[in-house]
Every structure is written in C-alpha cells, then in structure tokens.
Amino acid sequence: MLAETTTNATGKKEIFSNKEIHRVLRNVAASYLILNENKFKVIAYQKAADTVEHLTRELHDIWQEGSLKDVPGIGPSIGSHIDEYFRTGRSSHFEKVFKGIPPSVFALMKVPTIGPKTAFKLAQELHISYPKKAVEKLEEAAKKGRIRSIPTFGEKSEGEIIQAIEAYKKGGMQMERMVLPYAHERAVHLMDYLKKNPLIKRIDALGSMRRMVSTIGDIDIAAVITDETKSSEVIHYFTQYEGTTRIDNAGEAKASIIVPPHIRVDLRIQSESTYGTMLQYFTGSKAHNIKLRDYANKIGFSISEYGVKPTRKFKNSNYKKYSFNRNKEMFEFSNEETLYEFLGLPFIPPEIREGTNEIDLAKKNGLPLLVELKDIRGDFHIHSSYDISTSHDVGKNTYKEIFQNADTLGYEYVGFADHNPKTSGSTSEDITAIMKKRKADIEKQLSSLKQTELHYFIGLEVDILTSGELALPAGALEYVDYLIVSVHSVFSMDVEQMTKRILKALSFPKVKILGHPTGRLLTKRNGYKFDWNQICKEAVERNIGIEINAWPERLDASDSMVRSGIEKGVQFFINTDAHANEQMGNMLYGVEVARRGWASKSDIINTLSYKKVKEWLECC
DNA sequence: GCCGTTTTCGGCCCGACTGTTTTCAGTCG
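Per the working numbering, residue 1 is the first one in the first sequence, and the count goes up by one each step.
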C-alpha cells in the first residue's frame, strides 16, 4: 500500500498526494462494502474520497495547518486515520481493513462493470490474489468458460466481462480525454444526426461539456421528444448512429453507445414539462447533484430528474406559483432557473457546479458574478507573421490584418506578442536593432489605417532561460510596452529549481504577464512542476498578471489554479496565443476557464478600458 | 462514519439498466 516515493508539484511525497489519499479512501469504502459493513459507513468513506479527489489544495498542507476537521466529510474517525498516515506513512486501521481483501480486488475493480462485490467474488472463486496480473488472469478464466459456473454469473455476464476487459485494455492505452472543442465538434455531429429524427423536438449537450470542463471524458445528450410513447423508437435510432462500435445499454428512457475512438455517448429522453430537472440532473456534476439533493432533503424536498417531491407537509401558499403534478405528487419544472428559485437559490452557473462550496454560498447569495466573453476588451498575446528571426513558430497574419480582425471582434486594444528573436548567432546590438526596426514597422503599417477606436500595444513573448534570465537584451526593452515571459524549454527541472527560474524571470523590468504558466499540453504533456503559491505571491507583489492561455490544448492557468490565485489576490489575463486570425476566436475557451475558476470581471485585467489598462501596464 | 434550515440523534441523492433471478443486487451516472 505504500506508493513510490517520488515528489509531486508541491514537493510533497507522492504517498501523501491527494491522488493517493483518494485511492486509499476509495479502497477502504470498497472493502467495507465487501465486508457488509454498515452501508452509511461505506458512503462516509466514499464521500471523504470524493472530497479529497476534488480538493483544490493538498490535503497534506491542510493537515499541517491543523485544519483537517474543516474538510467536509472528514470527521474525527477518518481524520485520525489520515493523521496517523501523514505522521507515519501508514495507517494501522486501514491496513486492518485491507487484511481480509485480496489486493487483486482493487485491480479488478478498474475494469468497467466490475464493482467491489463482483471483484471480490471473482478473486475468491478463481483464486486470483495478486494485483499485477489479475485482469489478465480474469480474462483467461473468462475465455476458458470458467466464470459461467460461478453462482449468480452466467454465459451472458461471462461475455460481458470479456468485452469489458477489452474496453479496459483499449481505454488503458489511451486514457486521454478529449479537448473541449474536439468533443464539442463530435457532439454537434451527433446532435445533427439526432435532429434528423422527426420525433425529436429539442436537444442539448450537457454534462461536463455544458460545464465547459477543459477536457471531456464522455458526451452527454438530453432530448425532448414530441410523442412520449415512442421513446424506444428514438433510442433505437440513436443506437444506429454511424460508426457505433458498441451499444452499452439501451432502455426506454436512456441509452449509451460507444463511438470511435472509444467515446461514450449517453442519451436521456424526457418530456418537455419536466425538462428543467433533467437539465439540472444531467449537467451535474455528480458532486453538485448530491449536495443539491442533500440540501433539498433538509428543507423537505426530494429532487430527481423528473421533479421535486415534498417529503413532509409544506405550506401550499409558499409554492402556489409552481406547477404541481397531482398524479405524481411532485412539482415539475420545465426550466432550471425556476427549479433553483424554488429551492430558494439563485441560478448557479453550470461552470461552477462542481460540489465545492457553491451551494453554501448560493444560500447566502454570495456567488460571484462571473466574467463573460463580452467583458473582454482586448487580447495581449498574438503572434504575427513579421520576421524577427525567432526560433519559434511565427504567425500567419500581418500586424495590419491582426489589427483589423481585432477591430471586427469589437476590441478596444490589441497586443502584438511575437516570440523574441533568437539569441544564438546574434549580438545584443543586432537584437536591439531588430526590435527597433520592428517597432518602426508596426507604427508604419498601422498609421495608414483609418481612424478607429482600437489601440495597440507592442509586446513580446520572451523565453525564460534555464537560469531565469530572459532571452532579450536590456537595450531592446525600449521598443516594447510589455513583456510576456514563458518557459518553452527544459521542462524537467525539479520544483525548487523551476520555481527559482520563474521567480527570477518575473524580476525584470516590463515583465507584465507570466505566459501559459504550466507549459502543459492537454492530453499530450503534463506541465512542469513549480511552487504555485510562491509564484502567486511574487506576481501580486510585482503587479504581474498571470495568463489564462485560451489555446484549447493549453488552457493554463487551470480552473483550480485560477480559483486559488484569486484567493491570493492574483490578477489574470485571458489571452489567445493566436498564431492566425481565426484563432483569436478561441478567447471563449479562456473565459470559460476563468469562469470555472470563479473569476469575475475585476479579476481579469483585459476587461479594463484602454485608459485603465494602459495605466496598469505603465504602473510600477 | 458524518453531520446539523428539524436534529447532538437519526437520518444519509436518486433512478435506470442488466443479469440472474422469481424479487433483487450490483453497477453506473
């Protein structure tokens, strides 16, 4: 049960990471379930595991502050076991629980459709005890027909297990999720297909896509149909979608299919009069739904995707304006706004429905007014086609074309941020001369344009060298209004070195933006490791904005970094990093990261007016 | 085992689908 002792982004031992604690708690819950412990004890451990999984801070840090008891779902008992675990690297209690469970059980549980009980039974009956080759051994047994003879299993479930293992092996090889725009494209294609069916009246993509999560694991679609008696026709039509590789399940009200490359698509069908509760339910997140339903229970109502049932006597007069279905004895909602209102809550934007503390704050009317795309008044990170002999990619469009496009987008200002000229083979004087000429050329190119309300800034995206020095001579600073500094090479430094490197880069004059601060490429490359808290502190002190890079594969700072940054007083820029005019439209994705990070307009610097933003850049 | 818009005791989100069963347990979202 001890994991490898590597260090993670915050410098903590890996066995103390949230990921590891989450795994241990999850396994305790599974073990209790297998051991037929009190089911609410099982739920308690699952809840604690969920909380740790979604924590935006390291539990180990919280423990060091002595605040474990403030973490929801962690009470005196679980808290004391975690305390022991953090102090000694093990927990005698957890070890005792695991004693009766073969370790193979947790390995088998990774296969879809195999839960704790099934895994335990299979491990026992087939004598599989070691985790390493557990799945392999199960597959072998299934293919030899040894599962069908186990009580409560049959030929069909044996076949299911073989299929599930195949899916697991495929999934294991490409665990990556889809980036949001790609998932969106897939969803649109599917919805276009569904819309061709005349029975479908309304259709929406919900789940993580509606919450605008940066990467999407599966696609959730809800539909209203015109004739409720014909839902199975629509379900059948759905399962016939071109390229469907597998029908996972298909009933009267919902179905799931798998489409290439291993994307799960869930469809739910519902009547129009109750569609509001369906929107709410299917948008999730699961954690938000559990908390919302829990809250509703406390005020005397039980929520499902079909409506809201009173669980005790209620004052009719308070709820007169809402639609009550006498047959089903429940309130019905055709839209979400009314549902939240009914519960005494303001509308909670889908982006923040993650089950953190949004419901508590909503009760107190304490939710922030989230930033919107229309609040954005400019973009500071755009690459042009202008040749300053950089060693990175240049953009596709001229300054003039970028400027005109920014005008079309209704911006008040635009910032040109080409990559710095390459430093090898040229002297500081050469580079300074290039920068001087660039400034003159920009001014010349844009002077011929007719008067607009649009202003421009001359910026530059400069590499942070491994030493933390900038790849730009001091003499060149005269020819820029601001610098974005970014790490573009040597990602594999340890936390301490990388933090030092970035801190040093932030100390140079005219540095106003820390660009794509993790260097990650979603689904492809993890970011480099550094101390986020220290960088935030420095950024606040030096009046430097941290970038939310709207490039769909970057989207960093991430939503959780944004939220923690805001708590520390950090201000952010949302920039597209566009290398072509059409990419300037990616701004929406950056705004969505900000919204998921609970950012309001005042947290985002490029929502300021031209005058204010100019002052901001010139300040300090 | 956790927790408080009814509570320090008595609740704990809710429903669909599947396979192996004759009424339900397990899994999933």
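Every residue gets a Cβ at the ideal spot worked out from N, C-alpha and C, and that includes glycine.
If you draw a straight line from the Cα of P261 to the Cα of T244, it comes to about 10 Å. Judged by DSSP in its simplified three-state form, L25 adopts helix. Beta-bridge partners of I258 (DSSP): R246 and R264. When secondary structure is reduced to three states using DSSP, G171 falls in the helix class. Between the region 195-203 and the region 213-220, the count of Cβ pairs shorter than 8 Å is below three; the stretches do not touch. Burial of E351 is indicated by the presence of at least 16 other C-beta atoms within 10 angstroms of its C-beta.
With fewer than 16 other CB atoms across the displayed protein chains lying within 10 angstroms of its CB, N36 is exposed.
L608 is not a Cβ neighbour of D481, given a cutoff of 8 Å.
Under the 10 Å beta carbon count, V490 is surrounded by fewer than 16 other beta carbons and is classified as exposed.
The beta carbon of E158 sits closer than 8 Å to the beta carbons of A142, G145, I147 and R148 from its chain, once the five residues preceding and following it are set aside; these are given in chain order. DSSP places I502 in the helix class (H, G or I) of the three-state scheme. For P76, the uninterrupted alpha helix (DSSP H) segment begins and ends at P76 to T88. Around the beta carbon of D70, a 10 Å sphere encloses fewer than 16 other beta carbons of the protein chains shown; the residue is thus reported as exposed. Per DSSP, A417 is not a residue of any alpha helix (DSSP H); the beta strand (DSSP E) it occupies stretches across Y413 to H419.
For L483, same chain residues with a beta-carbon under 6 Å away, outside a window of 5 residues either side, are L460, V462, K510 and V511 in chain order. Contact check for I566 and W598: beta-carbon distance about 6 Å, within the 8 Å limit, so the pair qualifies. In this structure, H383 keeps its C-beta atom at 8 Å or more from the C-beta atom of N575.
At least 8 Å separates the beta-carbon of L588 from that of L343.
Looking at H184, Y193 and I225, the one whose alpha-carbon comes closest to that of I269 is I225. Looking at the backbone, the Cα of G519 and that of K156 are separated by about 47 Å.
For E354, there is no enclosing alpha helix (DSSP H), as DSSP marks it with neither H nor E. Cβ-Cβ distances below 7 Å link Q571 to G545, D603 and I605 in the same chain, with the five nearest sequence neighbours on each side left out; the list follows chain order. The closest CA to that of R211, considering only K611, E615, K601 and E592, is found on E592. Measuring C-alpha to C-alpha distances from M178 to each of K612, L521 and Q534 identifies L521 as the nearest. Boundaries of the alpha helix (DSSP H) around L194: L180 to K195. For T466, the closest alpha carbon among the candidates L454, S492, E139 and K320 is that of S492.
Rounded to whole angstroms, the gap between the alpha carbons of L190 and K230 is 20 Å.
If you look at I219, you'll find it in the beta strand (DSSP E) that goes D218 to I225. Per the Cβ contact rule, the region 421-429 is not in contact with the region 446-457 (fewer than 3 Cβ pairs under 8 Å). DSSP, reduced to helix, strand and coil, places P310 within a strand of the structure shown. By the CB criterion at 8 Å, V97 and Y193 fall outside the cutoff. In the three-state reduction of the DSSP assignment, S302 falls in the strand class, which pools E and B.
By the beta-carbon neighbour count (other beta carbons within 10 angstroms, threshold 16), A167 is buried. With respect to the 8 Å criterion, L267 and A223 are classified as neighbours on the basis of their beta carbons. Residues E337 and Y340 of the same chain have their beta carbon placed closer than 6 Å to that of F347, with the five preceding and five following residues left out of the count. Listed in chain order, the beta strand (DSSP E) runs fully inside the region 98-177 amount to none, counting runs of at least 3 residues.
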